[in-house]
Amino acid sequence: MASVHSKLLLSCVTPQKLKQIMPSDVVLTQNTPSRSHQFNPSNSTRLQLPRHRYPTPLLDQFLMAAKETEYKAHIVLVPLMAQGHIIPMIDIARLLAHRPGVLTTFVTTPLNAARSRPAISTILSSSLPVRFLELPFPCSAAGLPDGCENIDLIPFPDTEDIDLLRPAFLLVKNFFFGTALLRDPLLSLLRQQHPSPTCIIADVCLPWLSDVAEALRIPRFIFHGQCCFSLACYLSIHLNGLDRTITDETQRFLVPGLPQPIHVNKTEAPGFFSMPGWEKLRKDTIDAELSSDGIVLNTFNSLEGEYIEYYEKTLGKKALAIGPASLANRDVSSMAMRGNKTAIDEQQCLNWLDSKDPRSVIFVSFGSLALVKPLQLMEIGYGLEASGSPFIWVIKECEKWPVMEQWVAELKERTGDRSLIIIGWAPQVVILSHVAVSGFLTHCGWNSVLEAVSAGVVMATWPRNSDQFLNEKLVVEVLRIGVRVGGKPPSYVAMSKWNVVERDVVEKVVRSLMDKGKEGEERRERARELGVKARMAMEEGGSSWVDLSRLVDLASVHVVNK
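For the sequence shown, the numbering used here gives the first residue as 4, with consecutive numbering after it.
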């Protein structure tokens, strides 16, 4: 029987390649899900070897020679266990694996692998050289409930009372700090891989990966899931000491040194891990970034060129803009398979969109984490109804409040075919890419913003937390492809409540965004031009294509210098 060593090698050889290099009586069969660290969805392939014909040592030598010749780089990608981090990292793994001589390995936990099964199965069926490895997450040792392997599974009580919320915030802190428990198991697993890893792309939220890369003596690049505009703002604020000297959360100040005059306050630019109790993780994150071999960004030069240049020069690190990573998915099926299993069949969604006029639909979604309470949901619904525009509205499973069930049914009845309300996960890129969609009411998570930009869609911005307020500034003030809803950020110190945005405000913003007048048309034209530039950046010879090539070259240096 082939050794585990052989099976790991065979797992990343494409079926087409196997037909060229293997004897004729070695056949491919379907595999069942494995209990080992190697994640093999039910449609993955493995070899069925004639036991009596090929001694294992000879087979190992044959395959080792084939693999060492085939791959010049073996790049390992490790995201934070959160959908907004996992999804773009899978896209990047796909982009890298399309390059000749590049093997990619994607590392996550069993639950997150199961959640991403549609995307993983799609990649494996395409025969791309991508491995998916599972690492069990010790939830109990991390101080988390069993099965809490993704940040969106942390239980939050239905309250805005700060005393009742404290235990949930402690679980969030335990989650981030607890990821370090994966360090030693990951190092052990990567040492077993053949060919050996040549580079790690480490999520910025996992600073302990610097220890893993150092132990393996390979380069480490930091992946930022944020836009470069927000990173430039944070960097300037930190280097100029404004995060320490400005104490009034509402005081507006000019961010020094940026390509354009940008004014913020502390609630709009809180920085990552800047809340009390997170100081160590913030320091570790900054140290890991400063000691890295470079930065990988999911953006493109025509979108943020000035800010990429500022960030690279000020930080003193290579900043490689390789996005939009979502454009790695070229067909509807691949687009629909990103993230969790969708709550609606993509064809049903497309049929509804096909029935609408071009550029007439507004899409409404607030991401995978932001929880919207019933009163606000109702105000959004009434505003959409009054706007007169056809709309697709995504309501998360966790927002299925008992009071909402009957209300949503009545809204559907009143709006009829003008509305498509999806409860659960939606195929966002499929929707945004459709010609019927003109606007996007969004929480301004960077993945969502970049997907809208790639599709040439204008935005109504309603940020909720973290970097989303700076993303809004980029969209509205710098790129001028969006309009503000006007939700005010809560205080991170006083834990103030969210203000409720009323229906007439929602209606007004939607009407403004969908306006056919001069201002609206100019906004849409700017968005359309950025969509064209996004696709050009990803084509051969484009800026993102070139930066991805640079990343592959830098990841291959370790092989040359062995």
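Beta carbons are placed, not taken as given, at the ideal position from N, Cα and C, and that holds for glycine.
- The segment 190 to 243 contains, as complete alpha helix (DSSP H) runs of 4+ residues, the segments 212 to 219 and 231 to 242 (chain order).
- Contact between Tyr313 and Leu261 holds: their C-beta atoms lie close to 7 Å from each other, under 8 Å.
- Judged by their CB atoms, Thr111 and Leu99 are not nearer to each other than the 8 Å cut-off.
- Beta-bridge pairing by DSSP links Ala322 to Ile298.
- The beta-carbon separation of Thr464 and Arg483, rounded to 12 Å, does not stay under the 8 Å limit for a contact.
- Taking C-beta separations shorter than 7 Å and ignoring five residues to either side along the sequence, the partners of Gly534 in its chain run Val456, Ser457, Ala458 and Gly459, following chain order.
- For the options Ala537, Ile298, Gly485 and Glu542, the alpha carbon positioned closest to that of Glu525 is the one of Gly485.
- The alpha helix (DSSP H) runs lying completely inside the segment 465 to 535 and spanning 4 residues or more are 471 to 476 and 506 to 516, given in chain order.
- Judged by their CB atoms, Ile203 and Val79 are nearer to each other than the 8 Å cut-off.
- Secondary structure within the segment 106 to 157: the alpha helix (DSSP H) runs of 4 or more consecutive residues, fully enclosed, are 113 to 118 and 120 to 128 (chain order).
- The residues Ala235, Leu238, Ser239, Leu242 and Gly260, in chain order, have a CB closer than 8 Å to that of Thr317 in the same chain once the five nearest residues on each side in sequence are set aside.
- Cβ atoms of Val461 and Ala530 come within 8 Å of each other, at about 5 Å.
- About 25 Å separates the beta carbon of Leu414 from that of Asp155, a gap too long to meet the 8 Å contact definition.
- His77 and Trp355 have their alpha carbons spaced roughly 43 Å apart.
- Nearest Cα to Lys320 within the set Ala145, Glu480 and Leu293: Leu293.
- Taking a C-beta distance under 8 Å as the contact criterion, Phe232 and Leu477 qualify as a contact pair.
- Fewer than three Cβ pairs drawn from the segment 418 to 427 and the segment 445 to 454 lie within less than 8 Å of each other, which leaves the two stretches out of contact.
- Within the segment 340 to 372, the complete beta strand (DSSP E) runs of at least 3 residues fall at 364 to 368.
- For Met407, the secondary structure class from DSSP, reduced to helix, strand or coil, is helix.
- Classified as buried, Arg467 has 16 or more neighbouring CB atoms from the shown chains inside 10 Å of its CB.
- Going by DSSP, Thr250 is part of no alpha helix (DSSP H) at all; its letter is neither H nor E.
- Per the Cβ contact rule, the segment 211 to 231 is in contact with the segment 178 to 198 (3 or more Cβ pairs under 8 Å).
- Phe135 and Ala116 do touch by the CB rule: their CB atoms are close to 6 Å apart, below 8 Å.
- The alpha-carbon of Arg102 is positioned some 36 Å away from that of Pro361.
- A direct Cα-Cα distance of roughly 25 Å separates Asn502 from Leu173.
- Under the DSSP assignment, Ser441 falls in the beta strand (DSSP E) whose first and last residues are Val440 to Thr445.
- In this structure, Ala216 is the residue among Gly244, Ile365 and Ala216 with its C-alpha nearest to the C-alpha of Ala291.
- Burial state of Leu378 is exposed, judged by a 10 Å Cβ sphere holding fewer than 16 other Cβ atoms.
- Where Ser422 is concerned, the enclosing beta strand (DSSP E) starts and stops at Ser422 to Ile426.
- Taking 8 Å as the upper bound for CB-CB distance, Leu147 and Phe178 are in contact here, some 6 Å apart.
- Note on Leu257: under 16 other CB atoms within 10 angstroms of its CB, so exposed under the neighbour-count rule.
- DSSP places Val433 in the uninterrupted alpha helix (DSSP H) bounded by Gln431 to Leu435.
- Rounded to whole angstroms, Pro198 and Ala322 show a C-alpha spacing of 27 Å.
- When the five nearest sequence neighbours on each side are left out, the beta carbons in the same chain lying within less than 6 Å of the beta carbon of Trp404 are those of Pro377, in order along the chain.
- In this structure Met517 is not in contact with Ile383, their Cβ atoms being roughly 16 Å apart against a cut-off of 8 Å.
- Straight across, the Cα-Cα distance linking Pro160 with Ile89 is about 25 Å.
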